[in-house]
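*Asks:*
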Amino acid sequence: MAPVARRSWRKRLYLLLGILLFAICWIGVRADEKETDAIGEQEEDDYNDEEDNDNDDDEDRETVADHMEELRRVVGLQFPMLDDTDDPSLAAWKVSQHLAVEGLQQRLESIFSKTKTSECRAKIAEHLSYFVNAIALEQNLPFSDMTFSNECGEPVYMWDDLPDDMHPGMIQNRTYQPPRNETEYLDDPADLKLCYGILTHDNPDATIRLIEALYEPGHVFVVHVDGKEEFASTQQVLEVYAAKHEYVHVLQHPNRVRVNWGGFSMVNATLQMLQYALAVAETTRKPLEFHKFVHLSSSSYPLASNSEIRIQLASYPLDANFLNIVMQPIRPGHHAWHYFVECDDSLHRIYQLPALESSTSNADMFTSSQWFIISRDFAEYLATPEPGSFVHDYLTYIEHVVVADETFFGTVLRHTSFCRQHHNRNFLHLQFDRWESELPAGLRDERKCPMPNPDHCGRSPTIMTVDYADILELSGELFARKFNDTIDPHVKDIIDDWRTKRENQIQNGMHPNNFRPKSMDFEGHGVLIVAKETVNDETPLCLGLGPTGNAMRLTPCFHDYIVPSLSEEWETGAVIQEETPLHLRWQVSPCTSDGELKRTASGLINVTKGAYSTTGPRCMLKQIDGLRAGRCFDGQQLSLQPGGDIQVYPCVQQWFQFVSFGDGEHAPIGSLYSIIPSHIVQQIQNLGHDQSPYMCFGVRGRGSQDEIDWADESTHDDQQSDEKEDATILPLSNWKGEQLITTQCSNKNAVIEWVFVPYIVEESSDETDAEKGVTDANDGKEKDTTKEQSDLDIGKEAAMNVDEKHPSLNEKSGEHNEL
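Structure below.
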């Protein structure tokens, strides 16, 4: 028995030694995180200041000294319990008790504070022991040496390391629509069968309305209700509904999953629906018949009619997979990627997790939306993970990643042969307006802030309300989310009205391609937008861009030699394209259908309100000429907030790219203005700012009111330098060449009134478009050969359509966050 007892003693010693090493490593990592954050902030502040290198070195030395001092403080340097007579085993036991137990106990207490059951605590202890024993036994930490199979075969690119002949837009705007003779298409869109997989938890009426909006003979629906007890009533209502509709299937126990924000359970719930649809491990039930699996939430709703949905999807091959993926792999730092365990309806952070990278694991991680439309073949691959396959191995890893749903499906697709049938669009409209970390600490949803840094949070899509109805109409997508019938029960009624009208048009023989959103009729050649106050000035000023850059400015309307030849009341007629510089020709299109816009003889726009819009139609302003052709007015570039400078940016059909026309009620007649959604206005007002929802195009420093209207006042630190002395009595011509802003529409003198002068094109001109450096308004082709345009093209649309942004990548230094 003695040898056995001694081996048991040694085993306990190894475990305690492991605990000791784990505690030391954990303390070092925590200190290293502080050091890394401090260095990162210093590097950002001094990015363009080479002269501060010596100071950086001093800071590094101070940081290392602080690091060592922290280690000494926590570990301690005195060991009075040791005795010369101790054998090595006893001495090791005393030291490990002194060094590790207290720190490890505090760590476990912190983790256990969010647990409810002994089973969850045991699970946490088990996973923590993987790291402890790996250190004690001098083995690799979990997943540090894992490698994966990769059957995609396509190259992987980083945006900052592309070949000279490539730009990010070429990769991000990936399409899959080969000729019909090269793969299988459906001849008749009416034959397309869809399986809609719907995740829900509450409000069964919303799920039923979604099903009834989408149902057509041949379609089937699989519904997963969150498995928590509090949603039992939702399950019951939907089971009763399904019993009366054979095409509706509601998952039962044990296929129901308790779903938690950010947890692997989100992925698991989707896999359960796929397995049910394909009758995996079933012997008494046949698989459901379908060509495509459409993954939706009960907070989603269709924007297109059912015929439009079928026609759109059938225009692509049957094997096409529609996923919205950011095609650059994510490269999180070691301090930003963590190992989580999910139990007791919470996520519990255990330790650091090695991030996957092709150079070490033969795999990369890609951020993607969890909402997708996939082929039946890819659905089967996901639902039946065969040993040795990428999905089988990746499941063991992704189970411990926070917000797994946003890295699982895209990563699997990009490591399998299905990557060759990838169309990088999911036909879903999403809008993001706020990070969870932007809320005061007491108002945050702490589930979305699971990282060590409490300011590293995720975000969820904006609730779609009537404020967004215009944007939804013009989105060009098949579906949208997120809807909440309690917050706004009317927006779906508006959408249903569109869908019914479009469906009737299709039934009467009109193809969806002939649905043209309204636009202002300027004979297809565009419009010159003139500051009314300057019409009779020596140099009339117009809405333009200037020779370089994206900033929207007041620029001269004509070449110098043209002005003397202008007739009286020239603004009531038309102008010739060759008379004006580049970047002044605008396309007012598309416009929403609710209401009417009409140009009067004086050049002003007359507004007629519609059935639901309080402002009449809203339109996009798009550049026609030059290197920035195709870009749209934008009141909120990623680094700016509304209420500040305005510019052109790649068009993304979001609220900050739409303009309305002043009718004297919300804005002065002749003005152009942007409308901030009501919930964003409320957010700003909650921060103590008086924010109007109506923000007019204007100039800085000329108005009668405070022009700093948005919470981010740092963007206007240089405001005073732009103000003119006695500005209110100076003519607008003094602002020639200066960037425009959006300001409160009540800000007298700052707001600009405009007249709209159509262009005409003289066909007799001998000069070619190429010689003039102009892009034809109708060909839609970008003439810019630089990377600038396409680098931006991937920005808002790619990043915004990823549903709930990964909190560990919400850092100033995070590469993905730059998108």
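Residue numbers for the sequence shown, in mature numbering (1 follows the signal peptide of the UniProt record, and there is no 0): -31 to -1, 1 to 788.
Every residue, glycine too, gets a C-beta built ideally from N, C-alpha and C.
May I ask you to report which of helix, strand or coil DSSP gives GLU440?
*Replies:* Numbered from 1 along the sequence shown, position 471 holds the residue referred to as residue 440. What sits at residue 440 in the sequence shown is Ile, not Glu. Note: ILE440 maps to helix in three-state DSSP.
*Asks:* For THR469, which of THR376, PRO271, ASN718 and ARG597 has the nearest alpha-carbon?
*Replies:* The residue you call residue 469 lines up with position 500 of the sequence shown. Taking only the C-alpha atoms, the option nearest THR469 is PRO271.
*Asks:* In the DSSP assignment, find the alpha helix (DSSP H) that holds TYR210 and state where it starts and stops.
*Replies:* In the sequence shown, residue 210 corresponds to position 241, counting from 1. Where TYR210 is concerned, the enclosing alpha helix (DSSP H) stretches over 201 to 212.
*Asks:* Our contact map puts ALA711 next to SER643 with C-beta atoms below 8 Å; I'd like the distance itself, whole angstroms only.
*Replies:* For the purposes of this step, residue 711 is taken as residue 742 along the sequence shown, with counting starting at 1. For the purposes of this step, residue 643 is taken as residue 674 along the sequence shown, with counting starting at 1. Going by the sequence as given, residue 711 is Thr instead of Ala. With a Cβ gap of about 6 Å, THR711 and SER643 count as contacting.
*Asks:* In terms of DSSP beta bridges, what is GLU722 paired with?
*Replies:* To locate residue 722, count along the sequence shown from 1; it is residue 753. Partner(s): SER640.
*Asks:* Note down the Cα distance separating PHE190 from VAL372, rounded to an integer number of angstroms.
*Replies:* Position 221 of the sequence shown holds residue 190. Position 403 of the sequence shown holds residue 372. Those two C-alpha atoms are separated by around 25 Å.
*Asks:* What are the boundary residues of the alpha helix (DSSP H) that residue 799 is part of?
*Replies:* As shown, the chain starts at -31 and ends at 788. That puts residue 799 outside it, with no answer to give.
*Asks:* Tell me the rounded alpha-carbon separation between PHE200 and MET242.
*Replies:* For the purposes of this step, residue 200 is taken as the residue at position 231 of the sequence shown. For the purposes of this step, residue 242 is taken as the residue at position 273 of the sequence shown. Their Cα atoms are separated by approximately 18 Å.
*Asks:* When you compare the CB positions of LYS501 and TRP723, do they come within less than 8 Å of one another, or not?
*Replies:* Here residue 501 refers to the residue found at position 532 of the sequence shown. Here residue 723 refers to the residue found at position 754 of the sequence shown. TRP723 sits close to LYS501, with the two beta carbons spaced by under 8 Å.
*Asks:* On the CB-based measure, 16 or more other CB atoms within 10 Å of its CB, does GLU355 come out buried or exposed?
*Replies:* Taking the first residue of the sequence shown as 1, we reach residue 355 at position 386. Classification for GLU355: exposed.
*Asks:* Our contact map puts VAL192 next to LEU161 with C-beta atoms below 8 Å; I'd like the distance itself, whole angstroms only.
*Replies:* Here the question's residue 192 lines up with position 223 in the sequence shown. Here the question's residue 161 lines up with position 192 in the sequence shown. About 21 Å separates the two Cβ atoms, so there is no contact after all.
*Asks:* Output yes or no for whether 8 Å exceeds the beta carbon distance between PHE262 and ALA248.
*Replies:* Residue numbering aside, residue 262 sits at position 293 when the sequence shown is read from its first letter. Residue numbering aside, residue 248 sits at position 279 when the sequence shown is read from its first letter. Not in contact: PHE262 and ALA248 (Cβ atoms no closer than 8 Å).
*Asks:* Just the C-alpha distance for ASN703 and PRO559, rounded to the nearest angstrom, thanks.
*Replies:* Reading the sequence shown from its first residue, position 734 is the one you call residue 703. Reading the sequence shown from its first residue, position 590 is the one you call residue 559. Distance between the alpha carbons of ASN703 and PRO559: 33 Å.
*Asks:* Relative to the alpha-carbon of GLU550, which residue among ALA520, THR569 and LEU497 has its alpha-carbon at the smallest distance?
*Replies:* The residue you call residue 550 lines up with position 581 of the sequence shown. Residue identity differs from the one stated: residue 550 is Pro in this sequence, not Glu. Minimum Cα distance to PRO550 is reached at LEU497.
*Asks:* Using CA coordinates, which residue listed in PRO516, CYS89, ASN237 and GLY231 is at the minimum distance from LEU351?
*Replies:* Within the sequence shown, residue 351 is the residue found at index 382, counting from 1. LEU351 has its Cα closest to that of ASN237, out of PRO516, CYS89, ASN237 and GLY231.
*Asks:* Residue ranges of each beta strand (DSSP E) run of no fewer than 3 residues wholly in the region 271 to 354, ordered along the chain?
*Replies:* 307 to 312, 315 to 321 and 342 to 344
*Asks:* Return the CA-CA distance between GLY667 and LEU322, expressed in angstroms with no decimal places.
*Replies:* Taking the first residue of the sequence shown as position 1, residue 667 is located at position 698. Taking the first residue of the sequence shown as position 1, residue 322 is located at position 353. Approximately 50 Å, taken between the alpha carbons.
*Asks:* Among ARG597, ASN575 and ASN119, which has the Cα closest to the Cα of ALA520?
*Replies:* Residue mapping note: residue 520 aligns to position 551 of the sequence shown, counting from 1. When each option's Cα is compared against that of ALA520, the closest is ARG597.
*Asks:* Alpha carbon to alpha carbon, how far is SER562 from VAL621? Give it in angstroms, no decimals.
*Replies:* Taking the sequence shown and counting its residues from 1, one reaches residue 621 at position 652. Taking the sequence shown and counting its residues from 1, one reaches residue 562 at position 593. One C-alpha to the other measures close to 19 Å.
*Asks:* Considering ASN575, what are the terminal residues of the beta strand (DSSP E) in which it resides?
*Replies:* Mapped onto the sequence shown, residue 575 falls at position 606. Residues 574 to 577.
*Asks:* Measure the Cβ-Cβ separation of ASN395 and ASN293 and say whether it is below 8 Å.
*Replies:* Locating residue 395 in the sequence shown gives position 426, where the first residue counts as 1. Locating residue 293 in the sequence shown gives position 324, where the first residue counts as 1. Result yes, Cβ atoms of ASN395 and ASN293 sit closer than 8 Å.
*Asks:* For LEU325, count neighbouring C-beta atoms within 10 Å of its own C-beta (all shown protein chains included) and say buried if the count is 16 or more, exposed if not.
*Replies:* Within the sequence shown, the letter at position 356 stands for residue 325. Looking at its Cβ environment, which holds 16 or more other Cβ atoms inside 10 Å, LEU325 is buried.
*Asks:* With TYR165 as the anchor, note down where its beta strand (DSSP E) starts and where it stops.
*Replies:* Residue mapping note: residue 165 aligns to position 196 of the sequence shown, counting from 1. Counting along the chain, the beta strand (DSSP E) containing TYR165 begins and ends at 163 to 169.
*Asks:* Taking the DSSP output, what are the residues bridged to ARG568?
*Replies:* By 1-based counting over the sequence shown, the position of residue 568 is 599. Bridge partners of ARG568: ILE574.
*Asks:* For ILE498, report the span of its beta strand (DSSP E) as first-last.
*Replies:* Locating residue 498 in the sequence shown gives position 529, where the first residue counts as 1. Note, ILE498: beta strand (DSSP E), 496 to 500.
*Asks:* Where SER266 and GLN339 are concerned, what is the direct C-alpha to C-alpha distance, given to the nearest angstrom?
*Replies:* Start at 1 with the first residue of the sequence shown, and residue 266 comes out as number 297. Start at 1 with the first residue of the sequence shown, and residue 339 comes out as number 370. Annotation: SER266 to GLN339 spans about 10 Å, alpha carbon to alpha carbon.
*Asks:* Does GLY604 come out as helix, strand or coil in the three-state DSSP assignment?
*Replies:* Along the sequence shown, read from residue 1 onward, the residue named residue 604 stands at position 635. Coil at GLY604, not helix or strand.
*Asks:* Taking the beta carbon of ARG389 as the centre, do at least 16 other beta carbons fall within 10 Å, making it buried, or is it exposed?
*Replies:* Taking the first residue of the sequence shown as position 1, residue 389 is located at position 420. Answer is exposed; the Cβ neighbour count stays below 16.
*Asks:* Looking at the structure shown, is TYR618 part of a helix, part of a strand, or coil, going by DSSP?
*Replies:* Against the sequence shown, residue 618 aligns to sequence position 649. In this structure, TYR618 counts as strand in the three-state DSSP scheme.
*Asks:* I'd like the list of long-range same chain contacts for ASP632, defined as Cβ closer than 6 Å, with 5 residues on each side in sequence excluded.
*Replies:* Numbered from 1 along the sequence shown, position 663 holds the residue referred to as residue 632. VAL576.
*Asks:* Could you check which residue in GLU120, PRO637, VAL33 and ARG225 has the C-alpha nearest to that of ALA713?
*Replies:* As a first step, residue 713 must be located in the sequence shown, where it is residue number 744. Position check: residue 713 holds Gln in this sequence, whereas Ala was assumed. Checked all of GLU120, PRO637, VAL33 and ARG225; the closest Cα to GLN713 is PRO637.
*Asks:* Reducing DSSP to helix, strand and coil, say where GLN476 ends up.
*Replies:* As a first step, residue 476 is located in the sequence shown; it is residue number 507 there, counting from the start. The answer is helix: DSSP assigns GLN476 an H, G or I state.
*Asks:* With a threshold of 6 Å on Cβ separation, who are the neighbours of LYS451 within its own chain once the five nearest residues in sequence on each side are excluded?
*Replies:* In the sequence shown, the residue the question calls residue 451 occupies position 482. These residues qualify, in order along the chain: SER268, PRO430 and ILE432.
*Asks:* For HIS218 and VAL226, I'd like the C-alpha separation in whole angstroms.
*Replies:* As a first step, residue 218 must be located in the sequence shown, where it is residue number 249. As a first step, residue 226 must be located in the sequence shown, where it is residue number 257. Going from the Cα of HIS218 to the Cα of VAL226 covers about 16 Å.
*Asks:* Compare the Cα-Cα distances from ASP397 to each of HIS136, GLU446 and LEU441 and report the closest residue.
*Replies:* Numbered from its first residue, the sequence shown carries residue 397 at position 428. First, the amino acid is wrong: residue 397 is Leu here, not Asp. The shortest C-alpha separation from LEU397 is found at GLU446.
*Asks:* Using DSSP with H/G/I as helix, E/B as strand and the rest coil, what is GLN141?
*Replies:* As a first step, residue 141 must be located in the sequence shown, where it is residue number 172. It is helical.
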